[in-house]
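This report concerns only the one structure given below.
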Amino acid sequence: MSSIVPRDPRDRAATPRLLREAARCGALDAAALAAALTQIERVPDAAAWRRFLGDLLLLAGAVLVAAGTIFFVAYNWADLHRFGRLGLVAAATAAVALGGWRLGLERTPGQVLLGAGVVGIGGMLAVHGQEYQTGADPWQLFALWAVLAWPWVAAARFALLWLLWIGLVDTTLILAWGELLHPLAPAPDAPLMLLLFAVHGLAAGLWEAGRGRGIGWMGTPWVERLLTAAALGVLWVPALTTVLAPQRATGWEWTGLVALLGAVAFVLWRYRWRAPDLFRLAAAVASLVAVVTAVPVSWLEEMEALGFLLVGLLLVAEVAVAVTWLRRADATMGQGGA
Amino acid sequence: MTRQRGPLVGLLPPVPTVGEVLVRLAASGELGEAGGIADERLLHRLPAPTMPWFVRLLAGFGAWVAALLITLSLALGELITTEKGQTITGLVLVAVTVGLRHTAPRRSEFLDQLTLALCLAGQLLAIFGVGQVADSTIVAALVTVVLEALLAVVYPDQVQRFVSGLAGGLALGVLLDELEQPGLLEAWSADLTVLLLAGAAATAWWLPEPPEAGWLGGDRRAVGYGLIGALTLSLMPLLGLGEGAGAVATVGLAVAVAWLGGAVLLRLRRRPGAGSFAGVVMGTALLAVATFPVPGILAALGFALLGFAVRDRLLVVVSLLFLAVFTSWFYYDLELTLLAKSGILVASGLVLLGLRAGVLRRGDDR
Chain A
16 MSSIVPRDPR DRAATPRLLR EAARCGALDA AALAAALTQI ERVPDAAAWR
66 RFLGDLLLLA GAVLVAAGTI FFVAYNWADL HRFGRLGLVA AATAAVALGG
116 WRLGLERTPG QVLLGAGVVG IGGMLAVHGQ EYQTGADPWQ LFALWAVLAW
166 PWVAAARFAL LWLLWIGLVD TTLILAWGEL LHPLAPAPDA PLMLLLFAVH
216 GLAAGLWEAG RGRGIGWMGT PWVERLLTAA ALGVLWVPAL TTVLAPQRAT
266 GWEWTGLVAL LGAVAFVLWR YRWRAPDLFR LAAAVASLVA VVTAVPVSWL
316 EEMEALGFLL VGLLLVAEVA VAVTWLRRAD ATMGQGGA
Chain B
0 MTRQRGPLVG LLPPVPTVGE VLVRLAASGE LGEAGGIADE RLLHRLPAPT
50 MPWFVRLLAG FGAWVAALLI TLSLALGELI TTEKGQTITG LVLVAVTVGL
100 RHTAPRRSEF LDQLTLALCL AGQLLAIFGV GQVADSTIVA ALVTVVLEAL
150 LAVVYPDQVQ RFVSGLAGGL ALGVLLDELE QPGLLEAWSA DLTVLLLAGA
200 AATAWWLPEP PEAGWLGGDR RAVGYGLIGA LTLSLMPLLG LGEGAGAVAT
250 VGLAVAVAWL GGAVLLRLRR RPGAGSFAGV VMGTALLAVA TFPVPGILAA
300 LGFALLGFAV RDRLLVVVSL LFLAVFTSWF YYDLELTLLA KSGILVASGL
350 VLLGLRAGVL RRGDDR
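Protein chains in written order, with my numbering: chain A, 16 to 353; chain B, 0 to 365.
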C-alpha cells in the first residue's frame with residue numbers, strides 16, 4: 016500500500032474530527048458520538064502512564080544531566096591540561112560506545128549510545144586539531160571522522176546513524192570542493208551539486224535495494240525518501256541558476272537542469288507506477304513547481320509590480336494543481352496503482 | 000490497544016483506531032446505556048483521509064511565498080499611496096477572503112490556496128498599515144491580537160489557525176512588554192506572557208471536545224500549536240532579561256503542572272489517595288526548586304504530560320524537541336555563569352531520575 020494514511024476507515028486514528036464526520040455519515044448517532052468522544056478522551060490507563068513516566072523521566076533526566084555535565088566541562092575547559100581535555104572526550108566516547116555495546120546493538124538504546132560515540136569521535140578529532148595545531152584542513156577532519164566512524168555505523172545497523180554518516184560525507188565533499196577544486200572550476204557549485212546528487216541517489220538506490228531484499232534493519236522507507244528528496248534538492252541550485260539566467264549559464268549548470276528534469280521524470284514514473292510512494296512524488300512535484308515558477312521570475316525586472324502579482328498567482332495555481340494531483344494519485348495508488 | 004512500534008514506545012500515547020473505539024463501546028455496554036447506535040457499514044461514507052503532513056507543508060509553503068509576492072506587488076505598485084490606503088486594502092482583502100471561504104459554491108484546491116494567500120497578504124498589509132498610521136507599537140500589537148483572534152474563529156483553515164495562534168501570541172507578548180510600567184518587577188511582562196500563552200495553549204487541548212465542531216471547526220489544536228510556537232519564541236528572550244526574570248513563570252508553570260497531575264489522577268481513579276496527590280505536588284515542587292528561575296524545562300515537561308494525557312503524539316514529540324532546543328539555547332544565557340547553569344541542569348536531571356525511581360517503585364509495590 017502506498018498511502019501513508021490507512022484505507023480502511025476502521026484503521027484510521029479516532030480523532031474528534033473523524034468521529035464527527037462519522038456521525039455526519041450516519042455511522043454514529045448523537046448518543047454514540049458523545050460516548051465515542053468521551054471514550055477517546057479518557058486518559059491512558061495507569062500502566063501506560065507508568066511506562067510513559069518511566070521513559071520520559073529517564074530520557075529527560077539523562078539529557079539534562081548530560082547537558083549539565085557538558086556545561087560543567089565547558090566551564091572548566093580553559094583550566095584543563097591538553098591531556099585532560101583529550102582524555103575527557105576520549106573517556107566519554109569510549110563510555111557511551113561501551114554502554115551501547117553492553118545494552119546490545121540490536122536494541123535502540125544501544126544503537127543510540129553507539130551513535131553518541133560516533134559523535135564523540137568528531138569531538139576527539141576537533142580537540143586534537145585544536146591542541147596540536149596540525150594544520151589539517153577542515154575537510155580532512157570530516158573525512159577522517161567519516162572513515163573512523165564507518166565501522167561503528169556499520170555495526171550499529173541503525174538508520175538514523177547512516178543518515179548522520181552520509182551527512183559527514185556530504186560535509187567532507189563540500190569542504191573539499193571549497194578548498195581544492197573551487198578555484199579551478201568555471202562554475203563552482205554546479206559540479207559539486209551533481210556529485211552530491213550522485214551520492215544521495217546512489218545511497219537511496221542501495222537502501223531501497225537492501226529493503227527490497229528483506230534486510231530487517233533497512234525496513235524503514237523514510238531513509239530513502241529523505242535521500243531522494245536531498246538528491247533532488249541539491250539540483251535546485253544549478254537548475255534555478257540556469258532558468259533565471261540562461262544566457263550566463265555554463266555547461267555544468269545546464270547539465271544540472273537536465274539532470275533535475277530527468278530525475279523528476281524518473282521519480283514520477285517509478286514512484287507512481289512501479290513502487291508507489293507519495294512522499295517522493297511530492298518531492299518531485301515540488302522541484303517541478305520551483306523550476307516552472309522560476310521561468311517568469313526572470314522577467315520580473317521588466318514587469319515589476321505586475322510581475323510579482325502574476326508570479327504569485329501562478330504559484331498559487333501550480334500548488335493547487337500539484338496538491339490535487341497528489342491527492343488523486345494517493346487515492347488511486349491505494350487501489351492497486353490503477 | 001493500537002500497535003506501537005519503534006524506540007521508546009512508552010513515550011507515545013496509545014491512540015485508538017475507529018474500529019477499536021467501536022469495539023470498546025459495544026463491549027462496555029455504553030452504547031446500550033446511552034441509547035446510541037453505531038453502524039460500521041456506513042463508515043465507508045467517510046471522506047478521504049486528510050492530506051499527509053508533507054503535502055500540507057507544500058501547500059502551506061506555497062501560500063506563504065505567494066502571499067509575500069502579492070504583498071510585494073501591492074507595495075511596489077502605485078495602487079496604494081498612503082498608509083491608510085494600505086490598511087483599508089488589507090482589511091478588505093481579509094474580509095473578502097473570509098466571505099469567499101464561507102460562500103463559495105464549490106471548494107477547490109485553487110480557491111483554497113488563493114484565498115489563504117490573499118488573506119495572509121491582507122493581514123500583513125493591515126497590521127503594518129495600522130502601525131504606521133497610529134505610529135504606535137501598542138496599537139499595532141492590539142490590532143494584531145484582535146484580528147488574529149477573529150480570524151482563528153471565522154477562517155476555516157488549519158494553516159490560518161496556526162498563524163493566528165503564532166502571530167496573536169507574539170503580538171500579545173509585544174503588547175504586554177509595551178504596557179510594562181516602571182517601578183514594577185522589570186520582567187513581569189515576559190513572565191506573564193509565558194503564563195498566558197501556556198495557559199491558552201493548554202486550554203486548546205484540555206477542554207473536552209463537544210459533539211459539534213463549534214467556532215473553531217475542530218481545529219483548536221492548530222491554534223494551540225501556533226500558541227506553542229509563540230511560547231517558544233517568548234521563553235528564549237526571557238533568559239536574557241534582568242534579575243527576577245523567569246521567577247513568576249517558573250512558579251506559575253509549577254502550579255499548572257501540579258494541577259495537571261492532580262486532574263490526571265482524578266480521571267484515572269475515582270478516589271485517589273492523599274499520598275498520590277502529595278507525590279505529585281512534592282515532585283513538581285522539587286523540580287521547580289531545581290530549575291528556578293528557568294521555566295523552559297517545566298514548560299517542556301508540562302506539555303509532554305498534557306500531550307500524553309490527551310493522546311496527542313505530535314505534542315509529546317514537539318515538547319521533547321523543545322526541551323532539546325531550550326537546553327541548547329540555555330548555553331548562551333548571559334545572566335548565569337556556566338557553573339550555575341550546569342548546576343541547574345544536573346539538579347533538575349537528578350530530580351527527574353529520582354522521581355522516576357519513585358514512580359517505578361510505587362508501581363512495583365502495587
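Here a beta-carbon is modelled for each residue, glycine too, at the ideal position from N, C-alpha and C. Just so we're clear, the structure is a prediction, and the values are computed from it rather than from any experiment.
Give a yes or no on whether 8 Å exceeds the smallest Cβ distance from residue i to chain B.
| i | result |
| --- | --- |
| Glu-36/A | yes |
| Pro-253/A | no |
| Ala-61/A | yes |
| Glu-319/A | yes |
| Tyr-286/A | no |
| Val-238/A | no |
| Gln-262/A | no |
| Gly-115/A | no |
| Thr-243/A | no |
| Thr-339/A | yes |
| Gln-155/A | no |
| Val-334/A | yes |
| Thr-84/A | yes |
Using beta carbons (cut-off 8 Å, strictly below), is residue i in contact with chain A?
| i | result |
| --- | --- |
| Ser-275/B | no |
| Phe-109/B | yes |
| Gly-18/B | yes |
| Pro-15/B | yes |
| Arg-160/B | no |
| Leu-388/B | It is not possible to answer for residue 388/B, since the shown part of chain B is limited to 0 through 365. |
| Arg-310/B | yes |
| Gly-348/B | yes |
Measuring straight from C-alpha to C-alpha, what distance separates residue i and residue j?
| i | j | result |
| --- | --- | --- |
| Leu-313/B | Leu-101/A | 40 Å |
| Ala-106/A | Gly-138/A | 11 Å |
| Arg-355/B | Gly-69/A | 6 Å |
| Leu-48/A | Ala-308/B | 20 Å |
| Ala-229/B | Phe-173/A | 35 Å |
| Leu-264/B | Ile-343/B | 29 Å |
| Ala-244/A | Ala-301/A | 10 Å |
| Val-20/B | Arg-27/A | 11 Å |
| Gly-5/B | His-96/A | Only weak support exists for where Gly-5/B lies, its pLDDT of 48 falling under 50; the value from the coordinates is given anyway. Cα to Cα, the separation comes out at about 42 Å. |
| Thr-283/B | Ala-262/B | 14 Å |
| Leu-129/A | Val-104/A | 15 Å |
| Gly-115/A | Thr-53/A | 43 Å |
| Gly-245/B | Leu-178/A | 38 Å |
| Thr-1/B | Leu-304/B | Unreliable positioning characterises Thr-1/B in this predicted model, as indicated by a pLDDT of 40, which lies under 50. The coordinate reading is nonetheless provided below. Near 20 Å, if we compare the C-alpha coordinates of Leu-304/B and Thr-1/B. |
| Gly-198/B | Ile-69/B | 35 Å |
Please state if the CB of residue j and the CB of residue i are separated by a distance shorter than 8 Å.
| i | j | result |
| --- | --- | --- |
| Pro-207/B | Pro-59/A | no |
| Ala-203/B | Arg-220/B | yes |
| Gly-225/B | Phe-161/B | yes |
| Met-348/A | Pro-291/A | yes |
| Leu-175/B | Ser-188/B | yes |
| Leu-178/B | Thr-249/B | no |
| Leu-119/B | Trp-63/B | yes |
| Cys-163/B | Leu-196/B | Checking the displayed sequence, the identity of residue 163/B turns out to be Ser instead of Cys. No. |
| Phe-294/A | Arg-240/A | yes |
| Val-111/A | Ala-89/A | no |
Within 10 angstroms of the Cβ of residue i, are there 16 or more other Cβ atoms? Answer buried if so, exposed if not.
| i | result |
| --- | --- |
| Asp-134/B | exposed |
| Gly-272/B | exposed |
| Phe-94/B | Sequence check: residue 94/B is Ala here, not Phe. Ala-94/B should be labelled exposed. |
| Thr-149/A | exposed |
| Ala-103/B | exposed |
| Gly-277/A | exposed |
| Met-50/B | buried |
| Ala-93/A | exposed |
| Ser-17/A | Model confidence at Ser-17/A stands at a pLDDT of 40, short of 50, so the residue's coordinates are unreliable; what they give is reported in the following sentence. Buried, because 16 or more other Cβ atoms sit within 10 Å of the Cβ of Ser-17/A. |
| Leu-10/B | buried |
| His-101/B | exposed |
| Gly-274/B | exposed |
> At a cut of 8 Å, does the stretch 264 to 275 of chain A reach the stretch 320 to 329 of chain A through at least three beta carbon pairs?
Replying inline: no
>> Could you check whether the stretch 38 to 57 of chain A touches the stretch 320 to 329 of chain B, counting it as contact only if at least three pairs of C-beta atoms, one from each stretch, sit closer than 8 Å?
In response: no
> Any contact of the stretch 253 to 262 of chain A with the stretch 216 to 234 of chain A, i.e. 3+ C-beta pairs under 8 Å?
Replying inline: no
> Touch check for the stretch 79 to 86 of chain B and the stretch 114 to 131 of chain B: three-plus C-beta pairs under 8 Å?
Replying inline: yes
>> Does the stretch 184 to 197 of chain A come into contact with the stretch 155 to 162 of chain A, if we say contact requires no fewer than three beta-carbon pairs (one atom in each stretch) closer than 8 Å?
In response: yes
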